[in-house]
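J.: Quick one: the structure is below, questions incoming.
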Amino acid sequence: MHRTALGHGLRTGVIAALLGLGLTAANTAMAASSVLIWPINPTIEAEQKAAALWLENRGQQPVDLQVRVMTWRQGNFDDQLDAQRTIIGSPPVVTIAPGKRQMIRLIATQPAPAGTEQAYRVLVDEMLRPDAQVDPQLGVKFQMRYSVPLFVFGGGAGPEPVSGAKPREGVQILQPRLSYQVRQEGGRRYLFLSNQGPAHARLSKVSLRQGGASTLIADGLLGYVLPGAQMRWQLPERAPSGNFVLEARINEQAEPQPIPAH
1 MHRTALGHGL RTGVIAALLG LGLTAANTAM AASSVLIWPI NPTIEAEQKA AALWLENRGQ
61 QPVDLQVRVM TWRQGNFDDQ LDAQRTIIGS PPVVTIAPGK RQMIRLIATQ PAPAGTEQAY
121 RVLVDEMLRP DAQVDPQLGV KFQMRYSVPL FVFGGGAGPE PVSGAKPREG VQILQPRLSY
181 QVRQEGGRRY LFLSNQGPAH ARLSKVSLRQ GGASTLIADG LLGYVLPGAQ MRWQLPERAP
241 SGNFVLEARI NEQAEPQPIP AH
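Each residue of the sequence shown is one higher than the one before, counting from 1 in full-length UniProt numbering.
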């Protein structure tokens, strides 16, 4: 889940954005505004019409939230979101009292094409209340944005099961097909990851292994690579040069797996 903090200046109206990433073992996510969201990776499979997304207010004040679902694609090494009406969030606006929770139904208004995975992002925006408190150190009010990935599957296709679970009979499990390159651009080294498979790749616990040494690139979430897309990440200076083995935990796999060079 992505979470973004938007600071609204009281006099100038200048907006500053801070972007962070967060994952927890319990498949929940929470930011500074004390809104808890779960699950962080909802799916809608072919025989389902909707998925549930839970929002919980763990703060001391009521919180107003707006829910939108956007199509998600990747290009120019960046996420690109567009408005759509195939998947809708209901209700689209909620007020949650302190200590209470609200279920949002993510409803598919039409089925996904057979045998495919479709990618969306669920945006949950905190709507500033007139009596919102100002941060005494920064002099701004904070508005949080949460961005949760949603994957929708067409008939005959399904997501990779959690490690140890059995695939469902008659369902083709869609999986990513990854390869990597390391290239120098502008005096910096970048790790390029391409996905030629029919399903997304969620990458975590990413490391470079060379000989008996291993260099950790990301302990938690590094990012996503959607089908047919290529993404890149700058390598830290400590990353080894020359030949190495790239390993990452991919989606629901329990242990990091090697990714071949392109």
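We put the CB at the ideal spot given by N, CA and C, even for glycine.
Tell me the rounded alpha-carbon separation between Arg-189 and Leu-235.
T.: Roughly 6 Å between the two C-alpha positions.
J.: How would you call Gly-89, buried or exposed, if buried means at least 16 neighbouring beta carbons within 10 angstroms?
T.: Answer is buried; the Cβ neighbour count reaches 16.
J.: Report yes or no: do the region 50 to 67 and the region 94 to 106 share at least 3 C-beta pairs separated by less than 8 Å?
T.: Segments in contact, yes.
J.: Measuring only the C-alpha atoms, how far is Val-162 from Arg-145?
T.: Computed Cα separation, rounded: 28 Å.
J.: For Arg-177, which beta-bridge partners are listed by DSSP?
T.: Arg-177 is not bridged to any residue.
J.: State the DSSP-derived secondary structure class of Arg-129, mapped to helix, strand or coil.
T.: Three-state result, Arg-129: coil.
J.: Taking only three categories from DSSP, how would you classify Ala-108?
T.: Note: Ala-108 maps to strand in three-state DSSP.
J.: Below 8 Å between beta carbons: does that hold for Leu-221 and Trp-233?
T.: In this structure, Trp-233 does not lie closer than 8 Å to Leu-221 by Cβ.
J.: At which residues does the beta strand (DSSP E) containing Thr-215 begin and terminate?
T.: Note, Thr-215: beta strand (DSSP E), 213 to 225.
J.: Secondary structure at Arg-85, three-state DSSP: helix, strand or coil?
T.: It is coil, neither helix nor strand.
J.: For Ser-1, write down the residues that DSSP places opposite it in a beta bridge.
T.: One point to set straight first is that residue 1 is Met, not Ser, in the sequence displayed. None, per the DSSP bridge assignment.
J.: Taking Cβ to Cβ, would you say Gln-102 is nearer than 8 Å to Leu-55?
T.: Going by C-beta atoms, Gln-102 is nearer than 8 Å to Leu-55.
J.: Where does Asn-195 fall in DSSP's three states?
T.: Three-state DSSP puts Asn-195 in a strand.
J.: Does DSSP put Ala-254 in a helix, a strand or coil?
T.: It is coil, neither helix nor strand.
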